[in-house]
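Under my numbering, think of the first position of the sequence shown as 1491, with each following residue one higher.
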Amino acid sequence: MERGDLIKVAEEIKKAKLIVALTGAGISTESGIPDFRSKDGIWSKFDMNEYGYIDNIISQPEKVWKMLKILIEDIAKAEPNNGHKAIAEMEKFGYLHAVITQNVDGLHQKAGSKNVIEIHGNFREARCLRCGRIYDIGYALKQEIPKCECGGLLKPNAIFFGEPIPKDVFIKSFSMVEKCDVMLVVGTSAMVYPAAQFPIIAKQNGAKIIEINNEPSMISNIADYSLYGKAGEILPSLVKHLFF
Ligand code: APR
């Protein structure tokens, strides 16, 4: 990462009227939560085809909940890192207007971000697959195979492969994506749709795309600026350049 790039990126942000961040698991790795597709990521330990799909939890709830409980424990221990904090600070000072996150860890909100759209849901809650009732995740964690009072199977209130994104969440995200002048794309491999499409749509509508990732991703070819390195280091440096 060149200092000159940070200066240019800060200038783009200062000129912009609507700035949106799209974040992925890479922003939370420095908080101790593994991402999905890196060498030691979640899908290297648990086969995505056995654990990631809605059909998997329905057909083998005990097995999938065992894995989910490990992830939920990692999340419970985690604190926001300097990347989350920098994003919250940008919003506080009017340099960011929404965070669309694919993460279910709640760390953006814990860092102080207010306008957070959780496009893949969250792990704070569990939802009944039969009646739709929502519980605090603690209710589910007490049971081996978590069940609702109606007898239906509970799952975290997060999106599995094969499930649709709730319409209201999609519409809210899409309206920000279409209108933004700058999109920061942080810590995502941009391999999962529809989020992976957001930088492309933003670009088609004239937005500048700023990628912050520790390696090139699927959207590097459309990025106007690529800042490679740790999100927890780059974002605080960017904030400094915004203020001075
Ligand atoms: N700083 C910057 N980038 C990082 C860091 C870091 N500290 N740590 C990891 N990364 C990068 C990785 O190199 C990778 O490019 O973040 C990206 C994370 O990509 P994925 O593991 O694919 O995570 P994500 O893009 O959020 O996955 C999308 O896939 O299975 C699902 O539903 C799950 O929401 C998730 C979705």
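Glycine included, every Cβ here is placed at the ideal spot set by N, Cα and C.
Near residue i, what residues of its chain come up, given a Cβ to Cβ distance below 7 Å and the 5 sequence neighbours on each side ignored?
| i | result |
| --- | --- |
| Ile1565 | Ile1523, Asp1595, Phe1613 |
| Ser1710 | Glu1701, Ser1716 |
| Lys1575 | Ala1601 |
| Lys1645 | Ile1547, Ala1616, Arg1617, Leu1619 |
| Ala1630 | Ala1616, Pro1636, Leu1644 |
| Ala1588 | Val1510, Asn1605, Ile1607, Met1666 |
| Ile1714 | Inspection of the sequence shows that residue 1714 is occupied by Asp rather than by Ile. Closer than 7 Å at Cβ, skipping near neighbours: Lys1698, Ile1699, Ile1700. |
| Lys1720 | Glu1520, Asn1704 |
Only counting the same chain, and skipping five residues up and downstream in sequence, which positions put a Cβ closer than 8 Å to that of residue i?
| i | result |
| --- | --- |
| Gly1641 | Arg1620 |
| Phe1650 | Gly1542, Tyr1543, Ile1544, Asn1546, Ile1547 |
| Glu1705 | Tyr1718 |
| Ala1680 | Gly1514, Ala1686, Pro1689, Ser1707, Met1708, Ile1709 |
Roughly how far, in whole angstroms, is the beta-carbon of residue i from the beta-carbon of residue j, given that I think they are within contact range, below 8 Å?
| i | j | result |
| --- | --- | --- |
| Gly1573 | Gly1722 | 4 Å |
| Ala1500 | Gly1677 | So it is not a contact: roughly 19 Å between Cβ atoms. |
| Ile1712 | Ile1690 | 6 Å |
| Asn1703 | Tyr1718 | 6 Å |
Would you check if the distance between the CB atom of residue i and the CB atom of residue j is smaller than 8 Å?
| i | j | result |
| --- | --- | --- |
| Asn1593 | Glu1615 | no |
| Ile1509 | Val1672 | yes |
| Trp1555 | Ile1624 | no |
| Met1666 | Ile1590 | yes |
| Glu1502 | Lys1693 | no |
| Met1580 | Val1675 | no |
| Ile1577 | Ala1685 | no |
| Leu1512 | Phe1688 | yes |
| Phe1526 | Met1557 | no |
| Glu1668 | Asn1695 | yes |
| Ser1518 | Leu1597 | yes |
| Lys1562 | Ile1627 | The identity of residue 1562 in the sequence shown is Ile, whereas the question assumes Lys. Closer than 8 Å, so yes. |
So, for residue i: in the same chain, excluding its five sequence neighbours on each side, which residues have a beta-carbon less than 6 Å away from its beta-carbon?
| i | result |
| --- | --- |
| Pro1551 | Ile1635, Leu1643 |
| Ala1568 | Ser1521, Gly1522, Ile1523 |
| Lys1507 | Asp1671 |
| Ser1663 | Ile1590, Ile1607, Ile1609 |
| Pro1726 | Asn1572, Ala1576 |
| Lys1505 | none |
Residues bridged to residue i by DSSP?
| i | result |
| --- | --- |
| Glu1608 | Thr1591 |
| Met1673 | Val1510, Ile1699 |
| Val1621 | The question names Val, yet the displayed sequence has Cys at residue 1621. According to DSSP, which records beta bridges pairwise, Cys1621 is partnered with nothing at all. |
| Ala1648 | Gly1611 |
| Lys1637 | Leu1643 |
| Ala1713 | Paired residues: none, contrary to the question. |
| Asp1626 | Glu1615 |
| Tyr1440 | In the structure as shown, the chain begins at 1491 and stops at 1734. Residue 1440 is therefore absent and cannot be evaluated. |
| Tyr1718 | Asn1703 |
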